[in-house]
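Here the structure comes first, spelled out in structure tokens, and everything after it is commentary.
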Amino acid sequence: MSPVGPGRTAEEILLAARAVLDPSLRAAVAMLPEPLRGFAQFHYGWAGSDGAAAEGWLSRLRMPTLVLLSADINGDGWDGAVEAAAAWSLMGNHTLIHDDIMDRDSHRRGRPTLWTAFGTAAALQTGNALLALAIELLSEQGGPRIPAAIGRMGRTVQVMAAGQVADMDLEACTEVALEESMAVVEAKTPSHLASLR
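Heads up, the sequence shown is in the numbering used here, so the first residue is 1072 and it goes up one at a time.
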């Protein structure tokens, strides 16, 4: 069943998606072995650096919400797409963790990034674990579309990784053409969006 209806604002839809996705994402992250579980909980905003529970959500869940909305468009409703949406959230957060390391970003959404709080090695391995968990979660879903979805996820990660490398290369340049900049943006974001078919 979908909570989307006439007159709903984008914020209302995102809040509804968060309510639907929260249990699945927390359960998926809980499957990770320690200390990766704690690191992932910190990254999502569910725990502080001391491991104590935190009130909050650092992920805006835009991409997994698009997965749920895509299921609506296909007539499947949200119920059957929750685990797939959770998998896309895990994959997307894997890229954010790695992006923070490469860009040396010390803060994301008002708090220290994972690598800043726990070190580069911990953050790299947490990002890798989230990607592996995303593939595992997606592969456990039934249905004829799952192999293609896993393939799209793999291709998306490859294109986004190439986009991140190109982004790093552009940062070393003193002058960048608009076309070069747009190519990087397209590699890092629209490939992610295109994979949600």
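The beta carbon of each residue, even a glycine, is placed where N, CA and C say it ideally should be.
Query                                                                                                            : Result
Option in M1102, A1111, R1131 and L1092 with minimal Cα separation from A1081                                    : R1131
Buried versus exposed call for Q1112 [16 or more other C-beta atoms within 10 Å across all chains shown]         : buried
Helix, strand or coil at R1175 according to DSSP, with G and I counted as helix                                  : coil
Q1196 versus G1078 - alpha carbon distance                                                                       : 42 Å
Straight-line Cα distance separating H1169 from A1258                                                            : 15 Å
Start-end ranges of the alpha helix (DSSP H) lying completely within the region 1189 to 1257, minimum 4 residues : 1191 to 1210 and 1217 to 1242
8 Å CB neighbourhood of S1177 in its chain, flanking five on each side removed                                   : P1183, T1184 and T1187
CA nearest to the CA of A1101, picked from V1256, L1201, G1214 and G1222                                         : L1201
C-beta contact flag for A1158 and M1231 at 9 Å                                                                   : no
Integer Cβ distance of A1149 from L1139, believed to fall under 8 Å                                              : Sequence inspection shows Trp at residue 1149; the Ala mentioned does not correspond to that position. That belief holds up - the Cβ atoms of W1149 and L1139 are roughly 5 Å apart, short of 8 Å.
Span separating the alpha-carbon of M1239 from that of H1114                                                     : 23 Å
L1107 versus L1096 - alpha carbon distance                                                                       : 15 Å
As assigned by DSSP and simplified to three states, the class of R1079                                           : coil
C-alpha gap between G1088 and R1133, whole angstroms                                                             : It is Ala, not Gly, that sits at residue 1088 in the sequence shown. Taking the straight line from one Cα to the other gives about 9 Å.
Neighbour-count burial assignment, P1215, 16 or more Cβ in a 10 Å radius                                         : exposed
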